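Have a look at the structure below, then the notes.
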Amino acid sequence: MLERDRDRYSRQIRFSAIGEAGQQRIIDARIALVGCGALGSFQAAALARAGAGLLRIIDRDYVEASNLQRQWLFEESDAAAALPKAIAARARLARINSGVRVEAEVADLTAANAGELLSGVDLILDGTDNFETRYLINDYSARENVPWIYGAAVGSYGLAMAVIPGRTACLACVYPDPPSGAQPTCETAGVLGPATSLVASLQVAAALKLIVTGDAPRLLTTVDVWSGELRQISNPARDPKCRACARHEFTYLNNSRRTPVSMCGRDAVQIHEHARPVDLSELAERLARIGPVRENGFALRFETPPWVLTVFPDGRVIVKGTTDPGVARSVYARYIGG
Ligand SMILES: [Zn+2]
1 MLERDRDRYS RQIRFSAIGE AGQQRIIDAR IALVGCGALG SFQAAALARA
51 GAGLLRIIDR DYVEASNLQR QWLFEESDAA AALPKAIAAR ARLARINSGV
101 RVEAEVADLT AANAGELLSG VDLILDGTDN FETRYLINDY SARENVPWIY
151 GAAVGSYGLA MAVIPGRTAC LACVYPDPPS GAQPTCETAG VLGPATSLVA
201 SLQVAAALKL IVTGDAPRLL TTVDVWSGEL RQISNPARDP KCRACARHEF
251 TYLNNSRRTP VSMCGRDAVQ IHEHARPVDL SELAERLARI GPVRENGFAL
301 RFETPPWVLT VFPDGRVIVK GTTDPGVARS VYARYIGG
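Everything in the sequence shown is counted per the numbering used here, starting at 1 for the first residue and increasing by one.
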């Protein structure tokens, strides 16, 4: 280990369960963070400070003013420039720890690209806001034998659990199906920064332990930062008939269907069924005749009240101002075409 690393990480190295050998494992670790919102931006900052060798940040979204209350990596200037979160995160992380390699992937994790975006990592951290993506990560984890750490938060409440393939229950063992009916979201129930950072902190601690020892706490932890209650139960037992980790039916990974997804945390719908490359500067020229357009090479933002469209080069569009996929599709068709 380099002398400067020995000094920089000295407080972690002096923690006897890590030591110099453990720190070297952290420096060698390759970690994917799926989602760089409240959970992901805390995870990224904490893992960069801990010295993780490679962080691959996968996020489809851009920074908004309403993110700044809880998304630790981002600043007002990122929101003003509407930078993609992965790009803004990479810039900030380089200032926190220039020794960490950060790969910014401005993309939505889907069945079609999961194999590529998650390849070559030792560990996956969940910073997503929806069950569809979590089941996709869970399928990948079971198929490729890569551990992942589930985490979720809404309101003042959150939970975290490590999934180690073949050794602990997977997400599908615990919840065979996604929750049905309306669920509280960050949009409807709000979300507190302390809840997301506590969940992310539990995930990062489990990540460090996994990297250093190959094991993680075998606990499902739930926490409510408002009531102050913290509950832990032993990891549920593995389901011997589990679709994912026992029968190896990777329904989510094998599903190439791409549907519009309502976003968590604001009044918006993402359209990705039309995925096809878009020439942003050409589109900017076209839309500038109708309303205000801003384009920065990573994304294009077009305002047409009551909607705001954000267009990405891969053809994805986020339509803000509705939660109705039908309305979003029609707005898409009206301004982007197809
Ligand atoms: Zn399972």
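All C-beta atoms in this analysis are idealised placements derived from N, C-alpha and C, irrespective of residue type, glycine included.
Since we're looking at a predicted model, the values are computed, not measured.
Following the DSSP letters along the chain, one finds E20 in no beta strand (DSSP E) but inside the alpha helix (DSSP H) bounded by residues 19-28. Distances from the CA of L202 to each of Y252, I336, A162, S281 were compared; the closest alpha carbon is that of A162.
Annotation: A195 to Y157 spans about 6 Å, alpha carbon to alpha carbon. At a cut-off of 8 Å, the beta-carbon of R143 does not count as near ligand 1: no heavy atom of the ligand is closer than that. Look at A153 here: in three-state DSSP terms it is strand.
A residue is called buried when at least 16 other Cβ atoms come within 10 angstroms of its Cβ; N145 does not meet this threshold and is exposed. In this structure, R56 sits away from A29, with a CB-CB distance that is not shorter than 9 Å. Annotated three-state conformation of F302 is strand, per DSSP. At a Cβ-Cβ threshold of 9 Å, A114 and A86 do not count as neighbours.
L208 carries a helical assignment under DSSP once its states are collapsed to helix, strand and coil.
In this structure, the CA atom of D139 is about 29 Å from the CA atom of W72. Distance between L309 and R167, taken at the CA atoms: about 44 Å. For Y9, the secondary structure class from DSSP, reduced to helix, strand or coil, is coil.
In this structure, the straight-line span from the alpha carbon of I211 to that of R90 is close to 22 Å.
At a cut-off of 8 Å, the beta-carbon of A172 counts as near ligand 1: some heavy atom of the ligand is closer than that. Pairing V174 with P236 gives a Cβ-Cβ distance under 9 Å. Runs of the alpha helix (DSSP H) lying entirely within the stretch 92-121 and spanning at least 4 residues, in chain order: 114-117. Leaving aside the five residues that flank V63 on each side, the residues in its chain whose CB is nearer than 6 Å to its CB run, in chain order, F74, D78, A79, L83, K85, A88. Of the heavy atoms belonging to ligand 1, none sits nearer than 8 Å to the Cβ of R218. For A237, the shortest separation between its Cβ and any heavy atom of ligand 1 does not lie below 8 Å.
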